[in-house]
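Under this note's numbering, the first residue of the sequence shown is numbered -17, with each subsequent residue one higher.
Cβ coordinates follow ideal geometry from the N, Cα and C atoms, glycine included.
Source: prediction; values computed, not measured.
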Amino acid sequence: MLQRIVKPLMIAVLLLFAQLTYATEGMWLPQLLSGLNEKEMKGMGMKITASDIYNINKGSLKDAIVSFGGFCTAEVISSQGLILTNHHCGYESIQKHSSLQNNFLEKGFWAKTATEELPNPGLFVTFIVRIDDVTKAALQDVKPGMSERERQSAIDKRLHEIRQNARRESWQETMIKPFYEGNQYFLFVTETFNDVRLVGTPPSAIGKFGSDTDNWVWPRHTGDFSMFRIYAGKDGRPAPYSLDNVPLSPKYFLPVSLKGVKQNDFTMVLGFPGRTNEYLPSEAVKLTVEALGPAKVGMRDAALEVLDGYMRKDEQIKIQYAAKYANTANAWKKWKGEMLGVKQTHGIDKKEQYEATYRELLNTANPELKVQYSGVLDSLNEMYRRIRPYAQTRDYYSELVRNVELFTAGDRLISFLGEVRDKGEGQYETLRQQFLESMQPFYKNYNAQVDHDVSVRLLEIYAKGVPKQYAGAEYAQICAESNNDSRTLADKVYAASALTSPEKLKAFVQQPYNAVVAQMWKDPGTRLIMAMRKGFVDNVSKPVNDLQNNINNLQRTYMQAQMDVMAGKKRFYPDANSTLRVTYGKVDGYNPRDAVHYDFYTYLDGVMEKYVPGDYEFDVPAKLIELYKNKDYGRYGVNGKMPVCFIASNHTTGGNSGSPALDANGHLIGLNFDRTWEGTMSDINYDPSICRNIMVDIRYVLFIVDKYAGCTRLVDEMKLVK
Ligand code: ARG
Ligand code: GLU
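Written out as C-alpha cells, the structure is:
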C-alpha cells in the first residue's frame, strides 16, 4: 500500500524538480514555441508572442537571423541589410583583407561610405524562410528490423522526393535535417546571399581583448563584434557579387535597445547552435568525462605546453603558431570545463536518477510501450561500456595525428600518391607540382624542432594510453627498434624524414612514382605514420564503426522511448544540429565555487584593471583609454560607467556565436559570443545553477562604433529604442 503511493509520488517529485530547475534549459524549435514554450516565456517576462518570433505570413524575428557562413550566427540590424556578428566569426574575412601596411586585425577597419565596404568571396549568409514537419513522408518506407543502412537509404529516397516537391520560389533552396536522433524530420526553405561585405571591425585589442587567457572566462571584457552588410540584386533577390548590387532590404530587422538589463530580466537568444548531446545515457556521460575527455585533454596539455614554451621565447614561432595554438586551446579549455562541471554538479548521479525515473515510468506504462522499449536503455549503456577502449584509442590517435604536424604532412603525401594511383602515372608530374605547391603554406608555419618536441610528448602518452593489441604489430616493431623510448624514436624520425622540410620533401617526390611508393615504408617518418595508421584501421575503426551504428540505432529508440514514456510530464527539445533555435533565460550571476560569487555585469573599469601595456592579450588602444579617462561615453554609459559584457542562463553552444540577445520586447540588447568555463558541460548536461552564456552589451558595441571609431553613419541606420 505504502509502496503504491510512495512510488508515483517519488516520480512526481523528481519530475517536478526537473521542471523547476530546468526552466531555462532547451534549444527550442521556433515554429513550435506557441504550443510548448510561449506560456512559460510569458511567465518569465516576455512581452511579445510566439508569432512575433516565428511567422510565415509576416516579418518576424526569425527573418532578422542568419546563419553566417555556416559556422556562426548574425542578425540584421538596419533596413539596409547591416548585420552584426562576432569579431571571432568575421576573423578570417578581416584577416584576408589585412596586409602589413593595412593590418585591420591590429588597427580595426571602418568603411566610411558604402563604396568602401569590402567583398568577401566565399562568405555567405542564409535566411530561414519556412520550416515544415516532413516526418511522416520521410519515414513512410521504414520497416521494423531494417538495418541502419537499409533504413537510411529508404529515408534518403523519400527525402529526395520531398525536396523535389517542396513549394519554394526559384531563388530559394531546401534542406531536410533529422531531429530527435532521427525520429523526426524537418524541411527548411532557405534563402542564401553570397554578396556579404565587411563594414567594420574594432582592433583585436578590443574585439579579441583577453585572447586565449580570457577565452571561456567570466568576468569578461571583450568587445567581440564585427559588422557586415548583405547585398542583393536590384530585385532584392540573391545575386552573385556585383558592383550593381544594392543593400538588402530585409523582411525584418532588430530594433536596438539602449535600456540595458537588470537582474532576472527575461532574455532570449536566437541562432544556429551546432551540436549537443543532451539525451545520452549515464554510461556515455561517464565515457565522455572519465575516458575521452582526459585522453584528449592530456594530449593537448602536453602539446600546448611545448608550443607555449617556444612561443614565449621566439617571436617568429609565435607568429607561426598563434592561430594553431588558439584553435587547439579553444576546445581543450572547453573540455576541461566540461569535465569539471559534470563533477561539480553531480551530473552522472543526476543521469542515473533520471534513468531510475524512466525505468519506473516504463514499468507502469501500457504493455505495448513496455514491450517495445524493454531493455533498450540497458543495451545502450552496455554498448557504451563496450565502445570505451576503442573510442578512447580513436581519440588518442586523432589527437596525435592532429597535434603532431608531421602526420598532417604525411597524410597529405599519402593522399597525393593515392591520387596518382587512381588517375594514372601519366598525371604524376602535374599532380606532383600541385602537391608541392599546396604544401607551401603548411611549411610557412612549420617548425620541425617544435614539432619534434611535441611528438616526443605525444608519442609517449600514446604508448602508455593505447593497449598493445590496438596499436598494431608494425608500430610495436618500430617502438622496439627505439627501445620503446619516444625521444629516441622522435630523434630518429626528425633527423632523417623527408617530411621535415619543403626541400627534403621535394627531393623525395622528385624520384619516379614507384621509387617513392617503395620508400614510404623506409623513410622513418612516413613509416611511422603508415604503421600507426595501419594499426588504427586494422584494429580500431571497424569495431568503433560497428558499435557506433548499434549505438545510433539504440539512441534513436531510447530518444523515442523517453518521449513516449514521459509524454505530458516532460518537454523535449531536439539536440542542436546547426538549425535555427530559440533559447531563453534570465540575467543572473552565479557561484562557481565555495564562497565565490560572480556578478552578471562587467564595465570598462574592468578592461582598465586588466590592461597590460604592450601585451599581446591585454593591451588597450590609446583612444579607448582617453575615452575612459574623460568618461566620454555619450548616450551609451550609465551612471558614469560603460557596461561591457553580461551573462544570463540562456542555453547556448558553439555556433551560437554572433547570436542576438533580445529583451522581453524582442529588442537587441547584446551579442552572444561565449559561455562560462564552469558551465560548458551544458552540451551534455545543462545545469541552471552554473550554466551561463556571455554577451557583449549592445551599448558597448554602439559606443565603440560611434565614439571610438566615429562611424556614426552606422548607428544612424539603426532603429534605437531609448
Ligand atoms: N570560446 C569561444 C568559442 O567557442 C570563442 C573562441 C574564439 N576566441 C578565442 N580567444 N580563441 O568559439
Ligand atoms: N564561441 C562559441 C562559438 O563560436 C560560442 C560559445 C559556446 O560554445 O557557447 O560559437
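Buried/exposed call for residue i, threshold 16 Cβ in 10 Å
| i | result |
| --- | --- |
| Ile301 | exposed |
| Phe(-1) | With a pLDDT of 46 at Phe(-1), under the threshold of 50, the predicted position of this residue should be treated as unreliable, though the coordinate-derived value follows. The residue is exposed, with fewer than 16 neighbouring Cβ atoms inside 10 Å. |
| Glu195 | One point to set straight first is that residue 195 is Thr, not Glu, in the sequence displayed. Thr195 is exposed by the Cβ-count criterion. |
| Gln537 | buried |
| Ser129 | exposed |
| Ser75 | buried |
| His328 | exposed |
| Ser239 | buried |
| Met700 | buried |
| Lys504 | exposed |
Residue i Cβ short of 7 Å to the ligand GLU heavy atom set
| i | result |
| --- | --- |
| His70 | yes |
| Asn675 | yes |
| Cys693 | no |
| Phe655 | yes |
| Phe627 | Strictly speaking, residue 627 in this sequence is Cys, with Phe absent from that position. Checking the Cβ of Cys627 against the ligand GLU gives no. |
| Cys54 | yes |
Coil, strand or helix - residue i by DSSP
| i | result |
| --- | --- |
| Pro222 | coil |
| Gln492 | coil |
| Thr327 | coil |
| Ser210 | Per the sequence presented here, residue 210 reads as Phe, with Ser not at that position. Residue state, collapsed to three classes: strand. |
| Asn675 | strand |
| Ser380 | helix |
| Met711 | Residue coverage of the chain in this structure runs from -17 to 704, which leaves residue 711 outside it and unanswerable. |
| Lys426 | helix |
| Asn719 | Because the chain spans -17 through 704 in this model, residue 719 falls outside it and cannot be assessed. |
| Ser49 | strand |
| Leu141 | helix |
| Trp200 | coil |
| Ser468 | helix |
| Ala643 | strand |
| Trp10 | strand |
| Lys779 | Here the chain has residues from -17 to 704 only, and residue 779 is not among them. |
| Pro556 | coil |
| Met514 | helix |
| Lys315 | helix |
| Arg403 | helix |
| Pro(-10) | With a pLDDT of only 49 at Pro(-10), under the threshold of 50, the placement of this residue in the model should not be trusted, and no figure is reported. |
| Asn534 | helix |
| Ile30 | coil |
| Val116 | coil |
| Glu173 | strand |
Same chain only: Cβ atoms within 6 Å of residue i, ignoring 5 sequence neighbours per side
| i | result |
| --- | --- |
| Ala391 | Leu481 |
| Thr508 | Gly392, Met502 |
| Tyr292 | Ile299, Val432 |
| Cys673 | Gly661, Ser664 |
| Leu351 | Asp546 |
| Ser437 | Val386, Ala472 |
| Phe518 | Tyr379 |
| Val124 | Arg133, Ala136 |
| Tyr410 | Val402, Tyr495 |
Heavy atom of the ligand ARG within 7 Å of residue i beta-carbon
| i | result |
| --- | --- |
| Gly636 | yes |
| Trp198 | yes |
| Asn348 | no |
| Lys190 | yes |
| Ser718 | No information on residue 718 is available, as it lies outside the stretch -17 to 704 that the chain covers here. |
| Ala779 | As displayed, the chain neither begins before -17 nor continues past 704, which places residue 779 out of reach and without an answer. |
| Ala277 | no |
| Ala285 | no |
7 Å CB neighbourhood of residue i in its chain, flanking five on each side removed
| i | result |
| --- | --- |
| Ser186 | Leu87, Glu88 |
| Glu337 | Pro263, Ser264, Leu359 |
| Thr470 | Ser464 |
| Met365 | Leu529, Asn532, Ile533, Leu536 |
| Arg219 | Trp153 |
| Asn521 | Gln451, Tyr452, Gly454 |
| Leu15 | Ala32, Ile35, Tyr36, Val564 |
| Ser560 | Phe254, Gly256, Gly637 |
Distance cut-off 7 Å: residue i Cβ against heavy atoms of the ligand ATP
| i | result |
| --- | --- |
| Asp194 | With respect to the ligand ATP, the structure offers nothing, as its ligand set consists of the ligand ARG and the ligand GLU. |
Residues near residue i in its chain [Cβ-Cβ closer than 8 Å; skip 5 each side]
| i | result |
| --- | --- |
| Gln286 | The sequence given here places Leu at residue 286; Gln does not occur at that position. These residues qualify, in order along the chain: Tyr307, Thr310, Ala311, Trp314. |
| Gly640 | Phe50, Cys54, Thr55, Ala56, Glu57, Leu66, Thr67, Asn68, Cys71, Gly253, Leu653, Asn654, Phe655 |
| Tyr4 | The predicted model places Tyr4 with a pLDDT of 42, which falls under 50 and marks its position as unreliable, so this point remains unresolved. |
| Met590 | Val602, Ile607, Tyr610 |
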